[in-house]
Amino acid sequence: NITFNNNGGAGTQATASGNAGDITLIAKNSFVASNQSGLGSKTFGAGNGGVINVEANSVLLEGSGFNTTSFNQGSVGEMKIKVGDLVIRNSGIGNESSSGSNGGKITIDANSFRLESAGIISTTGKDSTGNGGEININVAGSFALNTSNINTNSSGTGNAGTIRITAKNVEMEKGIIQSNTDTVGKAGNIFINATDSFRVTSGGITNNISGTGEAGNIRIDAKNVQIEGGGIDSSASDSAKSGDISINATGSFGLSNGVIKANSSGTRDAGTIRITAKNVQISPGGINSIASNSGRSGNIFINATDSFGLSNGGVITANSYGTGDAGTITIDAKNGQISSAEVNSNTQNTGKGGEISFKVTDSFDLKSVGINTNTSGVADGGKIYISAKKLQMQDNSSIRSDAKDGGTGRGGDIDLQIGSLLLLRRQSSISTNATGSGNGGNISINIPNGFIVTVPNENSDITANASTGRAGTITITSLSNFNIKQRSREDFISLLLNPENSATNDITAFSQSDLALEGQVIINTPDVDPSKGFVELPTLLADISEVIDTSCAAFASPEGSKFTVTGRGGLPPSPNEPLSTDVLWTDTRTRGITTHQQGKKEPADLPQSKPEAIKIVPATGWVFNGKGQVTLISHASNPNGIGTPPPSCPKR
185 NITFNNNGGA GTQATASGNA GDITLIAKNS FVASNQSGLG SKTFGAGNGG
235 VINVEANSVL LEGSGFNTTS FNQGSVGEMK IKVGDLVIRN SGIGNESSSG
285 SNGGKITIDA NSFRLESAGI ISTTGKDSTG NGGEININVA GSFALNTSNI
335 NTNSSGTGNA GTIRITAKNV EMEKGIIQSN TDTVGKAGNI FINATDSFRV
385 TSGGITNNIS GTGEAGNIRI DAKNVQIEGG GIDSSASDSA KSGDISINAT
435 GSFGLSNGVI KANSSGTRDA GTIRITAKNV QISPGGINSI ASNSGRSGNI
485 FINATDSFGL SNGGVITANS YGTGDAGTIT IDAKNGQISS AEVNSNTQNT
535 GKGGEISFKV TDSFDLKSVG INTNTSGVAD GGKIYISAKK LQMQDNSSIR
585 SDAKDGGTGR GGDIDLQIGS LLLLRRQSSI STNATGSGNG GNISINIPNG
635 FIVTVPNENS DITANASTGR AGTITITSLS NFNIKQRSRE DFISLLLNPE
685 NSATNDITAF SQSDLALEGQ VIINTPDVDP SKGFVELPTL LADISEVIDT
735 SCAAFASPEG SKFTVTGRGG LPPSPNEPLS TDVLWTDTRT RGITTHQQGK
785 KEPADLPQSK PEAIKIVPAT GWVFNGKGQV TLISHASNPN GIGTPPPSCP
835 KR
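Okay, so the sequence shown: first residue is 185 according to our numbering, each after it adds one.
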């Protein structure tokens with residue numbers, strides 16, 4: 185065991201052209217450094233700093249640290265730590281270059297590693313022209329970063345170093361991993377590979393730049409990724425370029441109360457964000473690639489091989505608030521569910537609206553959702569493409585590529601490719617309206633093997649209207665459309681020419697200002713009569729006088745039986761009309777039995793006597809009555825076979 189305490193330790197330095205010596209510490213069991221103790225190597229001249237090597241079964245740094253520094257042209261020495269269990273608490277490991285030299289590399293190999301209120305830093309000073317050193321951490325088991333930071337920073341003209349972390353599990357609680365630069369250099373890349381799980385709680389990964397260089401890229405590979413109350417940021421300001429963010433999870437990806445962003449507030453483009461996982465759940469949280477100056481918004485790609493969910497105020501945004509175009513958002517999934525959330529690629533200036541694409545294999549459900557590629561500037565709105573087996577929109581959900589008030593741009597285009605069902609419920613809408621001076625956009629809904637279904641008087645609309653410009657074109661191909669109809673401008677004159685003021689479900693493409701600027705509504709349904717080949721059933725099912733013999737003695741009693749034709753049941757008048765809740769089938773048998781039982785008379789007391797058995801006599805002949813009917817008799821009273829008709833029961 186080796187122990188340093190109370191400013192204890194070892195160090196080397198070089199003051200001229202020579203190199204500083206190396207430090208090697210090998211402990212068979214444990215190495216402990218506490219109370220401002222540690223190891224260090226410095227160079228003040230042209231020579232290089234020494235290398236620090238530490239090997240032990242376990243290492244504990246408590247209020248202590250390792251450092252290598254260069255104050256001149258000499259390179260900073262490397263640091264190599266190879267241990268079983270490593271704990272750094274209230275301490276630090278770092279290297280610094282304050283002149284023209286490069287930072288040294290820090291390499292840590294451990295079975296387990298825990299940072300508590302500590303840091304690992306590789307930095308270059310503001311007068312340095314060298315690049316920052318790399319930080320490489322390899323942990324066989326778990327790596328925990330609690331209220332700590334890992335940082336490669338460049339304040340000079342060089343680039344910041346790369347950070348690489350490999351472990352079975354990576355846990356960050358109020359921890360920060362960052363690579364920044366604020367001048368002309370590039371921020372370093374950050375790579376994290378967790379063979380099992382990567383989890384962030386109130387912490388984050390940042391790769392920012394505020395100079396003229398480029399932010400680094402961030403890549404995370406893990407089985408499961410969970411970010412709670414934290415974030416990943418690869419943004420840029422001034423004339424710098426944002427970095428890209430890539431997350432690959434073979435299992436699940438979850439974002440809760442966190443943000444992933446690659447924004448640009450300068451003149452260059454925002455970064456690209458890619459997320460691939462089996463299941464993606466964002467509730468709540470945000471994924472943003474926004475441009476607020478002359479740069480273009482970045483693109484966002486999400487591939488969920490099983491399910492995609494966005495809820496509780498979650499937002500995915502690739503907006504442009506400057507002169508650049510909005511970005512593209514592409515989401516592929518087997519099943520998609522979005523609730524109380526938004527997906528936006530809007531523009532508010534001279535940039536064009538972006539594109540949003542959803543490719544869902546099975547069902548895509550929207551509830552209180554906005555999917556928007558709107559424009560409120562001079563450019564056109566963006567495009568929205570959705571393909572799904574079923575698209576179900578409920579509770580004021582909207583798909584919009586509108587040209588907003590004050591803008592001169594045209595509304596964008598919407599293309600829906602649906603397998604079997606487009607359901608619109610409770611004020612849901614699809615629109616490419618132009619409420620400024622521009623033209624309305626176009627809407628194409630293709631359901632060749634399915635239907636558009638709405639519920640009467642729920643104010644769910646499909647519109648491509650315009651205020652002063654030309655209305656757009658709506659093209660619908662489906663087998664049939666239920667409870668939604670094409671309506672003209674005249675239908676809404678009393679409603680301020682706004683279909684939203686009507687409770688009906690409408691399909692419209694008109695100009696509020698000029699009849700000559702009307703759009704087109706093209707509805708393609710099969711030229712087939714759905715009732716062709718059907719057999720018209722008679723309303724009178726049967727003539728009971730021909731079916732039931734009225735000569736039965738039961739009709740002499742007021743309690744006799746009845747045969748009642750009640751009608752068609754729950755069938756609609758024709759196959760072209762929906763089922764109506766006003767025509768319901770009701771099982772009246774129980775009610776009838778109950779009524780009958782309540783009104784029945786008590787039978788009179790009869791004497792307890794054994795009923796006489798009725799003798800069964802075989803028929804020996806027959807007779808014909810006046811109607812030509814045959815009655816079997818036990819004896820032939822008339823040899824000609826013409827007998828007297830038997831007396832009938834009294835008729836009712």
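Using N, Cα and C, we set each Cβ at its ideal position, and we do this for glycine too. Computed from a prediction, not measured in an experiment: that's the story for all the values here.
Quick one: Cα of Ser259 to Cα of Ala200, how far?
Position 75 of the sequence shown holds residue 259. Position 16 of the sequence shown holds residue 200. Answer to the nearest angstrom: the Cα atoms are 13 Å apart.
Taking Ile393 as part of the beta strand (DSSP E), name the residues at either end of that continuous run.
Residue numbering aside, residue 393 sits at position 209 when the sequence shown is read from its first letter. Taken as a continuous stretch (DSSP letters only), Ile393 belongs to no beta strand (DSSP E), as it is neither H nor E.
Can you tell me which of the three DSSP states Arg458 falls into?
By 1-based counting over the sequence shown, the position of residue 458 is 274. Strand at Arg458.
First and last residue of the beta strand (DSSP E) that includes Tyr505?
Mapped onto the sequence shown, residue 505 falls at position 321. DSSP places Tyr505 in no beta strand (DSSP E); its state is neither H nor E.
Is the beta carbon of Gly202 sitting closer than 9 Å to the one on Gly229?
Residue numbering aside, residue 202 sits at position 18 when the sequence shown is read from its first letter. Residue numbering aside, residue 229 sits at position 45 when the sequence shown is read from its first letter. Contact: yes.
Local conformation of Pro710 per DSSP, three classes
Position 526 of the sequence shown, counted from the start, is the residue given in the question as residue 710. Three-state DSSP puts Pro710 in coil, outside helix and strand.
Nearest-angstrom Cα separation, counted from Asn256 out to Gly231:
Position 47 of the sequence shown, counted from the start, is the residue given in the question as residue 231. Position 72 of the sequence shown, counted from the start, is the residue given in the question as residue 256. Their Cα atoms are separated by approximately 9 Å.
Could you give the distance in angstroms between the alpha-carbon of Lys588 and the alpha-carbon of Gly369?
Against the sequence shown, residue 588 aligns to sequence position 404. Against the sequence shown, residue 369 aligns to sequence position 185. For Lys588 and Gly369, the distance between alpha carbons rounds to 41 Å.
Quick check: Glu246 and Asn274, are their CB atoms within less than 9 Å of each other?
By 1-based counting over the sequence shown, the position of residue 246 is 62. By 1-based counting over the sequence shown, the position of residue 274 is 90. The answer is yes: Cβ separation under 9 Å.
In this structure, what does DSSP give as the bridge partners for Leu270?
Against the sequence shown, residue 270 aligns to sequence position 86. Answer is Val243 and Phe297, bridged to Leu270.
Residues of its chain near Asn213, where Cβ-Cβ distance is below 6 Å and the 5 sequence neighbours each way are ignored
As a working note, residue 213 is residue 29 in the sequence shown. Asn185 and Asn241, listed in sequence order.
Three-way DSSP call (helix, strand, coil) for Ser541 in this model
Residue mapping note: residue 541 aligns to position 357 of the sequence shown, counting from 1. Ser541 falls in the strand class under three-state DSSP.
May I ask you to report which of helix, strand or coil DSSP gives Leu209?
Position 25 of the sequence shown, counted from the first residue, corresponds to residue 209. Residue state, collapsed to three classes: strand.
Please go through the region 537 to 614 and give each complete alpha helix (DSSP H) segment of 4 or more residues, from N-terminal end onward.
none
Do the CB positions of Gly537 and Lys518 come within less than 9 Å of each other?
For the purposes of this step, residue 537 is taken as residue 353 along the sequence shown, with counting starting at 1. For the purposes of this step, residue 518 is taken as residue 334 along the sequence shown, with counting starting at 1. It is not a contact, given that the beta carbons lie outside the stated cut-off.
Pairwise C-alpha distance: Leu244 and Ile272:
If you number the sequence shown from 1, residue 272 lands on position 88. If you number the sequence shown from 1, residue 244 lands on position 60. Cα to Cα, Ile272 sits roughly 6 Å from Leu244.
Boundaries (first-last residue) of the beta strand (DSSP E) holding Phe676
If you number the sequence shown from 1, residue 676 lands on position 492. Neither: Phe676 is in no beta strand (DSSP E) and is coded neither H nor E.
State the Cα-Cα distance for the pair Thr770 and Ile707, rounded to the nearest angstrom.
Along the sequence shown, one-based indexing puts residue 770 at 586. Along the sequence shown, one-based indexing puts residue 707 at 523. Residue placement at Thr770 cannot be trusted, given a pLDDT of 49 that sits under 50; what the coordinates show is reported in the next sentence. Those two C-alpha atoms are separated by around 38 Å.
Inter-stretch contact at 8 Å, needing at least 3 Cβ pairs: the region 625 to 638 / the region 675 to 686:
no
Please check the pair Gly340 and Gly309, which I expect to be a contact at CB under 8 Å, by giving their CB distance rounded to whole angstroms.
Translated into the one-based positions of the sequence shown, residue 340 becomes position 156. Translated into the one-based positions of the sequence shown, residue 309 becomes position 125. Between Gly340 and Gly309 a beta carbon distance of about 6 Å is seen, short of the 8 Å cut, so the two are scored as contacting.
In chain order, what residues of the same chain lie with their CB nearer than 6 Å to the CB of Asn623, ignoring the 5 residues before and after it?
Looking up residue 623 in the sequence shown gives position 439. Within the same chain, Asn623 has close Cβ partners Arg594, Ala650, Gly653 and Arg654.
On a Cα-Cα basis, can you pick out the residue from Met263, Gln521, Ala194 and Ile305 that is closest to Gly276?
In the sequence shown, counting from the first residue as 1, residue 276 sits at position 92. For the residues Met263, Gln521, Ala194 and Ile305, the minimum Cα distance to Gly276 belongs to Ile305.
So what's Pro468 in DSSP terms, helix, strand or just coil?
To locate residue 468, count along the sequence shown from 1; it is residue 284. Correct three-state label for Pro468: coil.
Quick one: does the C-beta of Ser552 sit closer than 8 Å to a heavy atom of the ligand ATP?
For the structure depicted, the ligand ATP is absent and the ligand set is empty, with no information on it obtainable.
Cβ separation of Thr501 and Ile474, assumed to be a contact under 8 Å, to the nearest whole Å:
Looking up residue 501 in the sequence shown gives position 317. Looking up residue 474 in the sequence shown gives position 290. Indeed they touch by this definition, with Cβ atoms about 6 Å apart.
Here's the rule: buried if 16 or more other CB atoms are within 10 angstroms of the residue's CB, otherwise exposed. What is Asn190?
By 1-based counting over the sequence shown, the position of residue 190 is 6. With fewer than 16 other beta carbons inside 10 angstroms of its own, Asn190 counts as exposed.
Which of the three DSSP states is assigned to Pro640 in this structure?
Counting from 1 along the sequence shown, the entry for residue 640 is found at position 456. Correct three-state label for Pro640: coil.
CA-CA distance, Ala324 and Asn335?
The residue given as residue 324 occupies position 140 in the sequence shown. The residue given as residue 335 occupies position 151 in the sequence shown. Their Cα atoms are separated by approximately 22 Å.
In the DSSP assignment, find the beta strand (DSSP E) that holds Lys425 and state where it starts and stops.
Here residue 425 is taken as the residue at index 241 of the sequence shown, counted from 1. That residue, Lys425, is in no beta strand (DSSP E); it is neither H nor E in DSSP.
How is Asn685 classed by DSSP in three states: helix, strand or coil?
Walking along the sequence shown from the start, residue 685 turns up at place 501. Correct three-state label for Asn685: helix.
Under the rule that 16 or more other beta-carbon atoms within 10 Å means buried, what is Ser448, buried or exposed?
Taking the sequence shown and counting its residues from 1, one reaches residue 448 at position 264. Per the 10 Å Cβ criterion, buried.
Going by C-alpha to C-alpha distance, which of Phe382, Leu575 and Phe327 sits closest to Asp293?
As a first step, residue 293 is located in the sequence shown; it is residue number 109 there, counting from the start. Of the candidates Phe382, Leu575 and Phe327, the one whose C-alpha sits nearest the C-alpha of Asp293 is Phe327.
Would you mind reading off the limits of the beta strand (DSSP E) that contains Ile411?
Indexing the sequence shown from 1 puts residue 411 at position 227. Where Ile411 is concerned, the enclosing beta strand (DSSP E) stretches over Ile402 to Glu412.
Contact under 9 Å by Cβ, Asp645 with Thr692
On the sequence shown, residue 645 is found 461 positions in, with the first residue counted as 1. On the sequence shown, residue 692 is found 508 positions in, with the first residue counted as 1. In this structure, Thr692 lies closer than 9 Å to Asp645 by Cβ.
Could you tell me which residues DSSP pairs with Leu439 in its beta bridges?
Along the sequence shown, read from residue 1 onward, the residue named residue 439 stands at position 255. BP columns for Leu439 point to Ile411 and Ile466.
Within 10 angstroms of its Cβ, does Glu398 collect 16 or more other Cβ (buried), or is it exposed?
Translated into the one-based positions of the sequence shown, residue 398 becomes position 214. By the 10 Å Cβ count, Glu398 comes out buried.
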